[in-house]
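Take a look at the structure below.
Residue numbers (the numbering used here), protein chains in the order written: chain X, 4 to 60; chain S, 32 to 426.
Spelled out as structure tokens, the structure:
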């Protein structure tokens, strides 16, 4: 699952609305990823501010 | 918190507040919830708004939320060709740069005055079902969980909408239908506060850079890139920083804020309703694929959904079938435009800088009485028929 850099993330919700598996949830202060994540890498690639790194646990 | 409502609207943006307002006006017992503690902030928006489109949702103009009134829009090609679209000729596609936080609060106030309850710091956690049937929402309000019954849920929860997905409405879009955006509010810059400006071409692959004036030396300066084109995270910000560094009028720029966001540029969805649920605005993927504008469509669809919700309560019919009235209403206003602009956007995304120079130069030269994608294509056809070949199916 991707790793969020909380110091970069603007909580804009782009990754949440773009995830094809609905595996990302934005709870006001940080992102949560659920088991539906297939590590497709879309969210990391399209994050406007580069706050997601692919491939954590 | 009360245990039962007729209608619960999720999200107090322009679409949600307008839906709540019209549902309450129609006599439905309505609750409007907003996950944030403050309606309207933080602002995640370019704040451009077409004047005439406000009429579509019967929204009274209030000077308090107007930051700047513009004469028109200016489209600038990579080589510096400029095409100006005056307000009068733009088919109402230009107009105000607004204060979104104040705008959103004004619309929420209208909803409250119409009789809707409003709860801030209140999120939906999921749809409440009994025997497979939707009977309400699981909410969390100020840290406390509540199960609240309702007959109709209006999903106005924006680009990152969960309501639609929970209800089983397919709102998935391909990466080619996503724009990845970042915007700064810059002050101490030299701008023309009478025009919104759009910069096309390789400065923003698959999208554009916008400069929307807030006052004489302050503007929202943002970029949207095609999500299928970007190669790594952070690219929108890198492109925007590079572009700003090259603008002589922005040498002494001071940054007041930074926001990011997603913007859908898809063809209209097949369905935005199911039994007990209607989606409005960005949650229903109704953003104009060409301009990226979402506010007016959100307000219009909110109004239609609110009215239909009130009618449904009176008729005691909350079925997908009944909600076809809503589908017909919003599609009648914008579906054709959304589809045409989606087709056109797909082609425009592929144009080279040289072609942009040619086209924008041509448009500047011939001028235009009524601006629309259709008329623009016709003008191009007369001069550069080979370019229009790609667009033939739109004519």
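Even glycine gets a Cβ: it sits at the ideal position worked out from N, Cα and C. These numbers come from a predicted model, not from an experiment.
Under the three-state reduction of DSSP, residue 181 of chain S is assigned to coil, being neither helix nor strand. Look at residue 10 of chain X here: in three-state DSSP terms it is coil, with no helix or strand label.
Under the Cβ distance rule, residue 19 of chain X counts among the residues neighbouring chain S, one pair being separated by less than 8 Å. Residue 6 of chain X does not reach chain S, its nearest Cβ partner there being about 11 Å away, counting only Cβ pairs nearer than 7 Å. Contact check between the stretch 65-78 of chain S and the stretch 198-206 of chain S: fewer than three CB pairs, one atom from each, fall below 8 Å, which does not count as touching.
The DSSP-derived three-state label of residue 302 of chain S is coil. Taking C-beta atoms under 8 Å as the contact rule, residue 43 of chain S and residue 65 of chain S qualify, at a distance of about 4 Å.
Per DSSP, reduced to three states, the secondary structure at residue 406 of chain S is helical. Of all residues in the stretch 27-55 of chain X, the ones placed with a Cβ closer than 9 Å to any Cβ belonging to chain S are 27, 28, 29, 30, 31, 45, 46, 47, 48, 49, 50, 51, 52, 53, 54, 55, in chain order. Contact check between the stretch 5-21 of chain X and the stretch 291-306 of chain S: three or more CB pairs, one atom from each, fall below 8 Å, which counts as touching. Taking C-beta separations shorter than 8 Å and ignoring five residues to either side along the sequence, the partners of residue 390 of chain S in its chain run 108, 382, 411, 415, 418, following chain order. Contact of residue 285 of chain S with chain X is not assigned, every C-beta pair being separated by 8 Å or more. Note on residue 350 of chain S: under 16 other CB atoms within 10 angstroms of its CB, so exposed under the neighbour-count rule. Contact between residue 41 of chain S and residue 147 of chain S is ruled out by a C-beta separation of about 13 Å, above the 8 Å threshold. Residue 10 of chain X has a beta carbon lying at 8 Å or more from every beta carbon in chain S. Assignment of residue 28 of chain X by DSSP, reduced to helix, strand and coil, places it in the strand class. Burial state of residue 379 of chain S is buried, judged by a 10 Å Cβ sphere holding 16 or more other Cβ atoms.
The DSSP assignment places 209-218, 226-230, 239-246, 249-257 as complete runs of the beta strand (DSSP E) inside the stretch 184-269 of chain S, in order along the chain (cut-off: 3 residues).
Against chain X, the beta carbon of residue 268 of chain S has neighbours under 8 Å at 51, 52, 53, listed in chain order. Residue state for residue 169 of chain S is assigned as strand, using DSSP reduced to three classes. According to the DSSP assignment, residue 36 of chain X belongs to the beta strand (DSSP E) that extends over 33-36. Take the alpha-carbon of residue 330 of chain S and the one of residue 89 of chain S: they are about 9 Å apart. By DSSP's assignment, residue 35 of chain S forms a beta bridge with S:180. Around the beta carbon of residue 233 of chain S, fewer than 16 other beta carbons lie within 10 angstroms, which makes this residue exposed. Around the C-beta of residue 193 of chain S, 16 or more other C-beta atoms lie within 10 Å, and the residue is accordingly described as buried.
Annotation for residue 337 of chain S: the continuous alpha helix (DSSP H) segment containing it runs 326-346. Distances from the CA of residue 398 of chain S to each of S:54, S:72, S:105 were compared; the closest alpha carbon is that of S:105.
In terms of CA proximity to residue 6 of chain X, X:47 leads the group X:52, X:47, X:51. Looking at S:174, S:58, S:181, S:135, the one whose alpha-carbon comes closest to that of residue 153 of chain S is S:174. Within the same chain, 108, 109, 231, 232 come within 7 Å of residue 387 of chain S by CB-CB distance, once the 5 residues on both sides are set aside.
Its Cα nearest to that of residue 268 of chain S, the residue S:211 stands out among S:211, S:226, S:312.
The continuous stretches of beta strand (DSSP E) do not include residue 391 of chain S, which lies in the alpha helix (DSSP H) extending over residues 384-397. Residue-level contact check: residue 87 of chain S does not touch chain X, since none of the beta carbons of chain X fall below 8 Å from its beta carbon.
Residue pairing from DSSP places residue 159 of chain S in a beta bridge opposite S:167. Taking 8 Å as the cut-off, the beta carbon of residue 82 of chain S is found no closer than this to the beta carbon of residue 46 of chain S. Residue pairing for residue 105 of chain S: DSSP places it in a beta bridge opposite S:115, S:228.
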